[in-house]
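Undergrad:
2 protein chains.
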Amino acid sequence: MAPQPDEVGKRAAGVEDDAALAESPPVKRRIDRPVGRVRIEDVAAEAGVSMKTVSRVLNDEPNVSEATRERVRAVVERLQYRPHPSARVLAGRRSYLVAMLYDNPSSNYLMEVELGVLDACQAQHYNLMLAPLEYDAKDIVAKVEALVLQSRLDGVVLTPPITDDAALLARLDELGIPWSSISAREPNRRVGVVVDERSAVAEMIAHLAGLGHRRIAHIKGHPAHGASEWRLAGYLDGLERAGIGLDPALVVEGGFSYESGFDATNRLLDLPEPPTAIFAANDDMAAGAIGAICERGMSVPKHVSVCGFDDTPIARHIYPALTTVRQPTRDMGRLAGLELLREIRERGQGSLVTVPYTLQLRRSTGPKP
Amino acid sequence: MAPQPDEVGKRAAGVEDDAALAESPPVKRRIDRPVGRVRIEDVAAEAGVSMKTVSRVLNDEPNVSEATRERVRAVVERLQYRPHPSARVLAGRRSYLVAMLYDNPSSNYLMEVELGVLDACQAQHYNLMLAPLEYDAKDIVAKVEALVLQSRLDGVVLTPPITDDAALLARLDELGIPWSSISAREPNRRVGVVVDERSAVAEMIAHLAGLGHRRIAHIKGHPAHGASEWRLAGYLDGLERAGIGLDPALVVEGGFSYESGFDATNRLLDLPEPPTAIFAANDDMAAGAIGAICERGMSVPKHVSVCGFDDTPIARHIYPALTTVRQPTRDMGRLAGLELLREIRERGQGSLVTVPYTLQLRRSTGPKP
DNA sequence: GTGAAAGCGCTAACAT
DNA sequence: ATGTTAGCGCTTTCAC
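As you go down the protein sequences, you meet chains A and B in turn. Convert by adding 788 to the 1-based position in the first sequence; the result is the number in my numbering. Convert by adding 788 to the 1-based position in the second sequence; the result is the number in my numbering.
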C-alpha cells in the first residue's frame, strides 16, 4: 500500500553473501536498497576487515593502523555509508542526544541561541531535543528528571532563568548528567558561556554621560534573571564612574516585556524631575519606553534618550533605531553546546567561556536636551 | 569515573529471573535502577503476559482482550515504564522522527511555527528534528535526500518557500516520504495548512478604503514566496471592490525585509502623487515603512497609514502599533504536524486544513489626511 | 487472543 | 592491531 522503497536486501548477511549476491536477482538487490541502507558489515566486507574495525574508525577509537583507517574511510565514502543512529544508541551507552531547556519560547534571543546550539550539535553528530518548560520552580525538577531519564539525555543546555535553579542543578549532578549554562547568575566553576554584562552596561552609561546626561534612569529586568542584577550593577558602576549620584527614584521595576517597559517609562515621565535618558535592561523594554515617550507627543532622542540591551532584531526595526549592547547570541549558543559536548566526552574538561560584547550606537541616544 | 547511576540490573533476563530476583541483593537492584530503566520484559513478567502482548498494548494493536489490556496498562503505570525509543526504532520500521525544513532561520514566524509542530509531535510521541536549510534551489534536493535517508525520517514539514520546489516534492514522493506544507503556493491536493490570505488582504484594503483612502500603495513580498502572489491578488481584489482603479506606480517591489520596506517606502514617498496608505506584504516591511515615514518628519497615521501582514511580535512593539492580519501561526504549525502524522500512519488520510485569519486593527491606520 | 524466537544494526567485552 | 561473540530493548513473524 505504502509506496515505500521495498525491503529487499534486508539481510545481506555476512561476508559469504558476496557469492549469493552474484546469483538470483542481484541487480534488483542493489538498486532497491536506498542509499543509507548500507550496513556496517557491508563496509567491513568491502574493506576486508571486521565490523569492529569499521566501528573503531567511525568512532575515532585507537588501535587501528593508519593504513586500515584510510581504507575503511574510503569504503565508507564510496558506499555512502551512514551508521544507523538508533543502533548506535541501543548498543552503546550514549544517546547522542542533548536537550536545550528553556522558558519563554517566543523570543528572538532564544531562537538565536537555539541555532547556535544546533550548530554545535550537528558538527559533532549529536541530536538536539528542544524542551520548552514552564518555569515555575515547583515541579521543574521532576519534569526535567523525567525528561532526562526517558530520553536518556547525554546532557542539557540551560538558559536563563533555569540556569539558576539550585535544586535542579543539584539533581542533575546527582544523576550524573552534564550540563552547560548560558548567562548563569553565578557562573563560577561552571561549564558554559557568559558575557561581561556589568562592564557593558557601565560603558553604556558612560556613553550617555558623555552626551551630557545626568538624570539617567534604569528600568530593571525580571528579578528571576541573574542578568537583571548584573545590569543594575553595571548601571551603578557607570553612574559612579561618571560622578553622578544615585537617585533611587530613577530606578524602577520592569520584567523584560514591552508592556513593563512602557508602564515603567510612564512612571518615570510622571516624576517631578523626569530623566533625560533611560537605560532599559533589554530591548523589548526599551521599545516600550519609546512607545510611551512617543505617545506623549515627545520624541526620541530629542526629548529623552533611550537605550537597551541584547540587540535583538527589534533594535533595528523600531524608529528610531535603538542604541543597545550586542551579545553574540548565536555564538553563545554554539559555545555552550561545544562545552557541553566536551564535558560529555571528557568529564571535567568543559569550561566557562566569556564572549565579548559590543556597543551598538544608533539613533535613539543623543545629546541631553 | 563518571558519577553515573550504575549498571546493576542490566540483565534481568527472561521470565525465570523472578526467582533470581528474590535472591542475592534484590533491594539494591531496585534502588539502583533509575526510573525509565524498566524494560518491557519486566512489565510482561509483572503482568503475567508475554513481551509481545505488552507491545501490543503499548502500540494500540488489536488482538488483546480488554481485561489484559487494562492489566498491562496498570503495570506500565505502576512501574513507570517508558519504552526505549532507540529500541523501538531499531526493531520497528518507523523512526518516529520528522523534520521541519526551513530557510530564513531568525524569524518570529518560524519560531512560532516550530512550537506548533513540536506540540503535535510531542502529543504523538514523535521526535522533531530541525533542518535549517539554505534555500538555493541548486542542491536542495540532494541535501534533503541525504537528510531523509540518513536520519530515516518518517516525514517532513515544509515551510515557505521550500514548499514550492517541484523537484524536491517529486523526489520526496519517489522516496515515499510523506510531507506536509505550510502556506504552499499551490495547496490543492496537498497535505498541510493554509490561510485564505487573499481574502484577508482584500478585507484589509476595504478597511483602508473605508477610512477614505484612495491612493493605497502595496509593497510586494519576496517573489519566491507564494504568499507574495496571494497578497498582491488580495490587494487587487480589494481595490476593485472599493471601485479604485489600479495605479501601477503604487505597486512596488519588496523582499520581506525591514530594509526592503524602508527603501520601497522612500520610492513611494518620492512619487509626484504619493500614497496616503501603504499595505506592506508583511510586518517587517511595514516597520520599515514606518521608519522611512518618520525619518522624513512625517507621522503615522496622521500623514500616511501603514498596515502589514502576520502579526508577529514586532507589530505590537513598534510605535504606532501596527494594523495587520493575524495568522494563527502556532496553530498552523500544530495542524501541519498533525496532518503529517496522520499521513504517516495512514497513507492518503492527511488533508489540507484552512485556518482562519483575523484583522488586527491598531493605531497605524487612520483617516485619510 | 497470545506467545516464542529471530532479528533490527550497532558496540562492549573479551579474545587473539 | 584486529577479530569474535554476545547482547542493547524492542518489534516482527509465525506458530499456536
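For every residue, glycine included, the Cβ atom is placed at its ideal position computed from N, Cα and C. Model, not experiment: these values are computed from the prediction.
When DSSP labels each residue in this structure, what does Gly904/B get in the three-state scheme?
TA: Residue mapping note: residue 904/B aligns to position 116 of the second sequence, counting from 1. In this structure, Gly904/B counts as helix in the three-state DSSP scheme.
Undergrad: Just confirm the distance between the C-beta atoms of Leu867/A and Val842/A, as a whole number of angstroms; I'd bet it's less than 8 angstroms.
TA: Here residue 867/A refers to the residue found at position 79 when the first sequence is read from its first residue. Here residue 842/A refers to the residue found at position 54 when the first sequence is read from its first residue. No, Leu867/A and Val842/A are not in contact; Cβ-Cβ is about 11 angstroms, not under 8 angstroms.
Undergrad: So with Cβ pairs under 7 angstroms, would you call Ile1102/B a contact of chain A?
TA: Residue 1102/B sits at position 314 when you count from the first residue of the second sequence. So yes, Ile1102/B belongs to the interface.
Undergrad: Using the three-state DSSP reduction, which class does Val837/A fall into: helix, strand or coil?
TA: Counting from one through the first sequence, the residue named residue 837/A turns up at place 49. Reduced to three states, the DSSP call for Val837/A is coil.
Undergrad: Using a Cβ-Cβ distance cut-off of 7 angstroms, determine whether Pro1155/A contacts chain B.
TA: Walking along the first sequence from the start, residue 1155/A turns up at place 367. Output row for Pro1155/A: interface = no.
Undergrad: Could you pull out every unbroken alpha helix (DSSP H) segment of at least 4 residues lying fully inside the segment 982–1030 of chain A, listed in chain order?
TA: The qualifying runs are 985–998, 1014–1030.
Undergrad: Please compile the residues from chain B whose C-beta is within a distance smaller than 9 angstroms of the C-beta of Asp1072/A.
TA: Residue mapping note: residue 1072/A aligns to position 284 of the first sequence, counting from 1. Under the 9 angstroms cutoff, chain B gives Pro1101, His1105.
Undergrad: Below 8 angstroms on the Cβ atoms is my contact criterion, and I expect Ser968/B with Glu1131/B to pass it. Report the Cβ-Cβ distance as a whole number of Å.
TA: Walking along the second sequence from the start, residue 968/B turns up at place 180. Walking along the second sequence from the start, residue 1131/B turns up at place 343. About 7 angstroms separates the two Cβ atoms, so the contact holds.
Undergrad: Closest by CA to Tyr1145/B, which one among Val944/B, Pro1155/B, Val989/B?
TA: For this step, residue 1145/B is matched to residue 357 along the second sequence. The residue with the shortest Cα to Cα distance from Tyr1145/B is Val989/B.
Undergrad: Mark Gly1033/A as exposed unless 16 or more other C-beta atoms lie within 10 angstroms of its C-beta, in which case mark it buried.
TA: Looking up residue 1033/A in the first sequence gives position 245. So Gly1033/A counts as exposed.
Undergrad: Taking Cβ-Cβ distances shorter than 7 angstroms, what residues in chain A pair up with Arg870/B?
TA: Counted from its first residue, the second sequence places residue 870/B at position 82. Ordered by position in chain A, the residues that pass the 7 angstroms Cβ test against Arg870/B are Gln938.
Undergrad: Nearest chain B C-beta to Ala875/A closer than 7 angstroms, yes or no?
TA: The sequence position of residue 875/A within the first sequence is 87, counting from 1. Closer than 7 angstroms: yes.
Undergrad: At a Cβ threshold of 7 angstroms, is Leu878/A touching chain B?
TA: Within the first sequence, residue 878/A is the residue found at index 90, counting from 1. Yes, Leu878/A counts as interfacial toward chain B.
Undergrad: Take Arg882/B as the anchor and find which of Phe1067/B, Pro873/B, Lys1090/B has the nearest alpha-carbon.
TA: The sequence position of residue 882/B within the second sequence is 94, counting from 1. The shortest C-alpha separation from Arg882/B is found at Pro873/B.
Undergrad: If we ignore side chains and look at the alpha-carbon of each, how far apart do Ser971/A and Ser1139/A end up?
TA: Here residue 971/A refers to the residue found at position 183 when the first sequence is read from its first residue. Here residue 1139/A refers to the residue found at position 351 when the first sequence is read from its first residue. Straight-line Cα distance between these residues: approximately 13 angstroms.
Undergrad: For the alpha helix (DSSP H) that Ile928/A lies in, which residues bound it at each end?
TA: Looking up residue 928/A in the first sequence gives position 140. Where Ile928/A is concerned, the enclosing alpha helix (DSSP H) stretches over 928–938.
Undergrad: For Ile1102/A, which of helix, strand or coil comes out of DSSP?
TA: Residue numbering aside, residue 1102/A sits at position 314 when the first sequence is read from its first letter. The answer is helix: DSSP assigns Ile1102/A an H, G or I state.
Undergrad: Taking 6 angstroms as the limit between beta carbons, can you name the residues of its chain near Ala1005/B, skipping five residues before and five after?
TA: Within the second sequence, residue 1005/B is the residue found at index 217, counting from 1. Once the five neighbours on either side are set aside, the close Cβ partners of Ala1005/B are Leu1038, Leu1056, Pro1063, Ile1066.
Undergrad: For chain B, is any of its Cβ atoms less than 7 angstroms away from the one on Val796/A?
TA: Position 8 of the first sequence, counted from the first residue, corresponds to residue 796/A. Residue placement at Val796/A is poorly supported in this model, since its pLDDT is 29, which falls under 50; the coordinates still yield a value, given next. By this cut-off, Val796/A is not an interface position.
Undergrad: Over what stretch of residues does the alpha helix (DSSP H) that includes Tyr1046/A continue unbroken?
TA: In the first sequence, counting from the first residue as 1, residue 1046/A sits at position 258. Element bounds for Tyr1046/A: 1046–1057.
Undergrad: Would DSSP call Lys877/A helix, strand or coil?
TA: Walking along the first sequence from the start, residue 877/A turns up at place 89. It is Val, not Lys, that sits at residue 877/A in the sequence shown. Helix at Val877/A.
Undergrad: Are the segment 1006–1026 of chain A and the segment 1036–1050 of chain A touching by the rule of at least three beta carbon pairs closer than 8 angstroms?
TA: The segment 1006–1026 of chain A, when compared against the segment 1036–1050 of chain A, does touch it at the 8 angstroms Cβ threshold.
Undergrad: Quick one: which residues of the segment 1064–1089 of chain B get their C-beta closer than 8 angstroms to a C-beta of chain A? List them in chain order.
TA: For the segment 1064–1089 of chain B, which is checked against every Cβ of chain A, the residues closer than 8 angstroms are Asp1072, Ala1075, Gly1076, Ile1078, Gly1079, Cys1082, Glu1083.
Undergrad: Considering only the beta carbon of each residue, do Thr947/A and Tyr890/A sit closer than 7 angstroms?
TA: Translated into positions along the first sequence, residue 947/A becomes position 159. Translated into positions along the first sequence, residue 890/A becomes position 102. Cβ distance < 7 angstroms, so Thr947/A and Tyr890/A count as in contact.
Undergrad: In chain order, what residues of the same chain lie with their CB nearer than 8 angstroms to the CB of Tyr1046/B, ignoring the 5 residues before and after it?
TA: One-based indexing of the second sequence puts residue 1046/B at position 258. Counting only Cβ-Cβ distances below 8 angstroms, and skipping sequence neighbours, we find Asp1072, Met1073, Ala1075, Gly1076, Gly1079.
Undergrad: Pick helix, strand or coil for Val1088/B, following the three-state DSSP scheme.
TA: Counting from one through the second sequence, the residue named residue 1088/B turns up at place 300. Of the three classes helix, strand and coil, the one that applies to Val1088/B here is coil, per DSSP.
Undergrad: Report the residue from Val860/B, Leu941/B, Lys840/B whose alpha carbon sits nearest the alpha carbon of Glu834/B.
TA: To locate residue 834/B, count along the second sequence from 1; it is residue 46. Minimum Cα distance to Glu834/B is reached at Val860/B.
Undergrad: Alpha carbon to alpha carbon, how far is Arg857/A from Arg844/A? Give it in angstroms, no decimals.
TA: In the first sequence, residue 844/A corresponds to position 56, counting from 1. In the first sequence, residue 857/A corresponds to position 69, counting from 1. Roughly 9 angstroms separates the two Cα atoms.
Undergrad: Roughly how many angstroms separate the alpha carbons of Ser1016/A and His1105/A, rounded to a whole number?
TA: The residue given as residue 1016/A occupies position 228 in the first sequence. The residue given as residue 1105/A occupies position 317 in the first sequence. Roughly 24 angstroms between the two C-alpha positions.
Undergrad: What do you reckon, are the CB atoms on Pro1108/B and Ser1152/B nearer than 7 angstroms?
TA: Here the question's residue 1108/B lines up with position 320 in the second sequence. Here the question's residue 1152/B lines up with position 364 in the second sequence. Result yes, Cβ atoms of Pro1108/B and Ser1152/B sit closer than 7 angstroms.
Undergrad: Is the Cβ-Cβ distance between Ala1124/A and Val981/A less than 7 angstroms?
TA: The residue you call residue 1124/A lines up with position 336 of the first sequence. The residue you call residue 981/A lines up with position 193 of the first sequence. Cβ atoms of Ala1124/A and Val981/A: closer than 7 angstroms.
Undergrad: Look at Ala919/B and Ala887/B and say whether their C-beta atoms are less than 7 angstroms apart.
TA: Along the second sequence, read from residue 1 onward, the residue named residue 919/B stands at position 131. Along the second sequence, read from residue 1 onward, the residue named residue 887/B stands at position 99. Going by C-beta atoms, Ala919/B is nearer than 7 angstroms to Ala887/B.
Undergrad: Compare the C-beta of Tyr1046/B with all C-beta atoms of chain A and state if any pair is closer than 7 angstroms.
TA: Here residue 1046/B refers to the residue found at position 258 when the second sequence is read from its first residue. Interface residue, yes.
Undergrad: Which word fits Gly1096/B, buried or exposed, when buried means at least 16 other C-beta atoms lie within 10 angstroms of its C-beta?
TA: Translated into the one-based positions of the second sequence, residue 1096/B becomes position 308. Label assigned to Gly1096/B: buried.
Undergrad: How long is the line joining the alpha carbons of Asn915/A and Leu1129/A, rounded to whole angstroms?
TA: Position 127 of the first sequence holds residue 915/A. Position 341 of the first sequence holds residue 1129/A. When rounded, the distance between both Cα atoms is 11 angstroms.
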